[in-house]
Amino acid sequence: MYDLYAEEILDHYKFPRNKGPMDNPDRVYHDRNPFCGDEVTFMLKVRDGVVEDVKWEGRGCTISMASASMLSEEVKGQPLEALRNWGKEKVLELLGIPLSPTRLKCALLPLKVLQVAAWGTREEGEVTSND
Amino acid sequence: MKLAESVSLDPYRLREDFPIFSQKMHGKPLVYLDNTASAQKPRTVIEAMDTMYREVYANVHRGIYELSERATQMYEDARRKVAHFIHARSRREIVFVRNTTEAINLVAYTWGLANLRPGDEVLITEMEHHSNIVPWQLICQRTGATLRWVPITEDGHLNMEALDSLLGEHTRIFAFTAMSNVLGTINPVAELVRRAHAVGALALVDGAQSVPHLPTDVQAWDADFVAFSSHKMLGPTGIGVLYAKRHLLEGMPPFMGGGEMIREVTMTHATWNEVPYKFEAGTPAFVEAVGLGAAVDYLSGLGMDRVHELEQALVDYAYERLHTVEGLRIIGPGPKERGGVLSFTLDDVHPHDVAAILDQEGIAVRAGHHCAQPIHDRYDLVATTRASFYIYNTREDVDRLTAALHRVAHLFRG
Numbered sequence: 040m041y042d043l044y045a046e047e048i049l050d051h052y053k054f055p056r057n058k059g060p061m062d063n064p065d066r067v068y069h070d071r072n073p074f075c076g077d078e079v080t081f082m083l084k085v086r087d088g089v090v091e092d093v094k095w096e097g098r099g100c101t102i103s104m105a106s107a108s109m110l111s112e113e114v115k116g117q118p119l120e121a122l123r124n125w126g127k128e129k130v131l132e133l134l135g136i137p138l139s140p141t142r143l144k145c146a147l148l149p150l151k152v153l154q155v156a157a158w159g160t161r162e163e164g165e166v167t168s169n170d
Numbered sequence: 289m290k291l292a293e294s295v296s297l298d299p300y301r302l303r304e305d306f307p308i309f310s311q312k313m314h315g316k317p318l319v320y321l322d323n324t325a326s327a328q329k330p331r332t333v334i335e336a337m338d339t340m341y342r343e344v345y346a347n348v349h350r351g352i353y354e355l356s357e358r359a360t361q362m363y364e365d366a367r368r369k370v371a372h373f374i375h376a377r378s379r380r381e382i383v384f385v386r387n388t389t390e391a392i393n394l395v396a397y398t399w400g401l402a403n404l405r406p407g408d409e410v411l412i413t414e415m416e417h418h419s420n421i422v423p424w425q426l427i428c429q430r431t432g433a434t435l436r437w438v439p440i441t442e443d444g445h446l447n448m449e450a451l452d453s454l455l456g457e458h459t460r461i462f463a464f465t466a467m468s469n470v471l472g473t474i475n476p477v478a479e480l481v482r483r484a485h486a487v488g489a490l491a492l493v494d495g496a497q498s499v500p501h502l503p504t505d506v507q508a509w510d511a512d513f514v515a516f517s518s519h520k521m522l523g524p525t526g527i528g529v530l531y532a533k534r535h536l537l538e539g540m541p542p543f544m545g546g547g548e549m550i551r552e553v554t555m556t557h558a559t560w561n562e563v564p565y566k567f568e569a570g571t572p573a574f575v576e577a578v579g580l581g582a583a584v585d586y587l588s589g590l591g592m593d594r595v596h597e598l599e600q601a602l603v604d605y606a607y608e609r610l611h612t613v614e615g616l617r618i619i620g621p622g623p624k625e626r627g628g629v630l631s632f633t634l635d636d637v638h639p640h641d642v643a644a645i646l647d648q649e650g651i652a653v654r655a656g657h658h659c660a661q662p663i664h665d666r667y668d669l670v671a672t673t674r675a676s677f678y679i680y681n682t683r684e685d686v687d688r689l690t691a692a693l694h695r696v697a698h699l700f701r702g
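Here the protein sequences come in this chain order: X and H.
Mapped onto our numbering, the consecutive letters of the first sequence carry residue numbers 40 to 170.
Mapped onto our numbering, the consecutive letters of the second sequence carry residue numbers 289 to 702.
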C-alpha cells in the first residue's frame, strides 16, 4: 500500500508555500474541478520571459493543494518556455506517489491553471486527461 | 429464511449470504458503507440470474416454445412479486425500466410533455437527487412550465408552511423523495401526497432510498407515481421500476417506440399495446427482473419492518459513536428521524481525503456531492463524506469507521 498521506504531502497541505494574494500580477488564471469543487488560482509576475514571483490561492483536497504548493516552489525563477513541457510526470515526480485516475485529476488541476496563467487558454482537457 | 415475528435480524448471519464479504480489502475485512449508492448482492440473487442464463434463457413474450414461455412466466412472476412488495393493486401498474432515473424521465417525457403548459408549475424540493431535478428542468424548458422548490429547515426537514404556500391551483405535479440520499430525512409521504391532491396536483415519489429500507405501501400513500431501482435493494443493476396508477398509465403516450410496445404497426401508424407493455419497448432486462424478484423474496423473508428496525439501531449507535470524533459534524435530522444515511464534515478536511484514508483501512464510503448539489449549497458545503448502512452492517463496522475517523482527525490536526 502506498502512502497517499506521506509526510511531505501533508506538510505542503498544512503549510502551503507561496499561498496568498499578489498585488498587480502580470498573469492570473482561476479554474475549478466541478466534480469535487476543488479550485485553484495562480498569479504570476513575469520579467523577460522568466517567472519572477508566484502566488496562488485555492481550496481543495490534500493532493490538489500539495500539488499547487509544490508547483509554486518549482516554477519560481523558471523561464515560461520551460513550463510548456511540464506534464503529469512532473506532478507525479513532485508528489512522489502513484495516483488513481480520480486523484490524478486533483493533482493535475493546479498544473492546468498554472500553464493557462503562463500561456493562455489551452485545448480543453489537454492537461487534465489521464491517458 | 422466514423468521419468527419477535426475532430481530442478526447482521452477522446475514453477511454470510453475501459472497463479497469473503474477501479482504487492503488486507482488512471489507466494511461496505456506500449502500446509498448501491447495495451488495445476496447469493440467492446471483444464483437466480445464473440459473436463468444456464437453464431457462430465451426471449420473453415472443416465442411459441417451451423455453420462451418459461422465461416469460419468470419475468411476469417477478412483476407480480414487485407489485405485492409495494402493495400495488395489480401487476399492470408495474413498468420495468432501467432505474429510478429512467422512471422519472419516463413520467416527465410522457405525462409531462402531454400535460404541462406555460403557467403550470412543477414542484420539487431542495433535498432531491439530481435525477428528480434535471428531468423537470428539461421538461419545464420544453413546455414553458415553471419549476418551484420547497425549501428545507436547518435541521433537514421539509418546510411544511412553505409547502402550503407553494402548492396551489397552478401546481400540476409535486415530485419529492421519500428519503433523502444525503440527509437521510424520512419524509411524511402520505401527508405530502394528500396535500398535493388537495390542490388537484399529482404526486410522484422518488423511492430510490426508501423502498430498499422501509416498508412501502403505494395504496396507503395514495401516490400517483413511485420510482425506484433494483440495485439499491440487493438486486442487479439495469432494472428499476415505475409504479403508476393504472388509469394514469392508460392515458399517457408511450415513451420509446419499438417492439413489444405495439399492438399493430402499418406503414403509416401504430397502435399501442396494453399497459404496462406500452412502456416496455424492445427486449426488456428480463434476467435482471428475475434477479430483482429474488431480491424482493429475500427482503420479504426478512420483513421490511425488521430491516428498518435493524438500521435504526445501527444509526442510533453510529450517531453517538461518530460524535466522539472531534470536529465531526453530521448534517440533517436527529437519529430517530432518519434512515441509515449519515453525511458529515470533519473540520475542513476535504471529503476526498477522508474517503481515501478510510479506503486504506478497507472502509468504503462516498465522498462528494452525492448527485445532490442543491442540498449541499443549502448548507454552504462543497461536499460531504457519507456513510450509509444496510442489513449486513454491524456495530463492529461502525467501530472501525469511528476509529479510522479518529486517525484522520489526528493526521490533519497533529
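Every residue, glycine too, gets a C-beta built ideally from N, C-alpha and C.
Predicted model only: the values in this text are computed from it and were never measured.
Under 9 Å between C-beta atoms of residue i and residue j
i         : j         : result
H:Met-521 : H:Leu-598 : no
H:Thr-628 : H:Phe-677 : The question names Thr, but residue 628 of chain H in the sequence shown is Gly. Yes, the Cβ-Cβ distance between H:Gly-628 and H:Phe-677 is below 9 Å.
H:Leu-455 : H:Ala-486 : yes
X:Thr-80  : X:Glu-91  : no
H:Val-670 : H:Leu-630 : no
H:Val-385 : H:Ala-376 : no
H:Met-362 : H:Leu-502 : no
X:Asn-72  : X:Leu-153 : no
H:Thr-465 : H:Ala-496 : yes
H:Ala-366 : H:Ser-356 : no
H:Leu-689 : H:Leu-646 : yes
H:Ile-663 : H:Met-415 : yes
X:Thr-101 : H:Asp-452 : no
H:Gly-523 : H:Val-584 : yes
H:Ala-327 : H:His-658 : no
Secondary structure of residue i, DSSP reduced to three states
i         : result
H:Met-313 : strand
H:Val-499 : coil
X:Pro-118 : strand
H:Ile-352 : coil
H:His-694 : helix
H:Phe-373 : helix
X:Met-109 : helix
H:Asp-585 : helix
H:Glu-414 : coil
H:Arg-701 : helix
H:Tyr-320 : strand
H:Leu-530 : strand
H:His-458 : coil
H:Thr-431 : helix
H:Arg-617 : strand
H:Asp-635 : coil
H:Leu-598 : helix
H:Glu-390 : helix
Alpha-carbon to alpha-carbon, residue j and residue i
i         : j         : result
H:Glu-568 : H:Asp-685 : 41 Å
H:Leu-610 : H:Ser-378 : 44 Å
H:Tyr-565 : H:Val-383 : 8 Å
H:Lys-533 : X:Cys-75  : 39 Å
X:Glu-78  : X:Pro-137 : 22 Å
H:Trp-509 : H:Leu-480 : 9 Å
H:Ala-692 : H:Ile-421 : 35 Å
X:Ala-146 : X:Ser-103 : 5 Å
H:Met-313 : H:Gly-650 : 5 Å
H:Thr-388 : H:Tyr-531 : 11 Å
X:Asn-63  : X:Lys-84  : 8 Å
H:Tyr-605 : H:Val-477 : 26 Å
H:Asp-443 : H:Asn-403 : 35 Å
H:Ala-660 : H:Glu-552 : 42 Å
X:Asp-170 : X:Trp-158 : Residue placement at X:Asp-170 cannot be trusted, given a pLDDT of 30 that sits under 50; what the coordinates show is reported in the next sentence. If you take the alpha carbons of X:Asp-170 and X:Trp-158, they lie about 22 Å apart.
H:Thr-612 : H:Gln-600 : 19 Å
X:Leu-122 : H:Glu-608 : 51 Å
H:Leu-587 : X:Ser-111 : 55 Å
H:Ala-359 : H:Arg-701 : 59 Å
Burial state of residue i, where buried means 16 or more other Cβ atoms lie within 10 Å
i         : result
X:Val-139 : According to the sequence displayed, residue 139 of chain X carries Ser and not Val. Label assigned to X:Ser-139: exposed.
H:Lys-329 : buried
X:Arg-142 : buried
H:Asp-395 : First, the amino acid is wrong: residue 395 of chain H is Val here, not Asp. With 16 or more other Cβ atoms within 10 Å, it is buried.
H:Leu-401 : exposed
H:Val-319 : buried
X:Asn-124 : exposed
H:Leu-535 : Per the sequence shown, residue 535 of chain H should be read as His rather than Leu. H:His-535 should be labelled exposed.
Distance cut-off 8 Å: residue i Cβ against heavy atoms of the ligand FMN
i         : result
X:Ala-146 : Judged by which ligands are present, the structure shown has none, so any question about the ligand FMN falls away.
Inter-stretch contact (C-beta, 8 Å, three-pair minimum) for the region 456–466 of chain H and the region 418–438 of chain H: yes
Cβ pair count under 8 Å reaching 3, the region 554–563 of chain H against the region 401–417 of chain H: Look at the beta carbons and you see the region 554–563 of chain H not touching the region 401–417 of chain H: under three pairs across the two are nearer than 8 Å.
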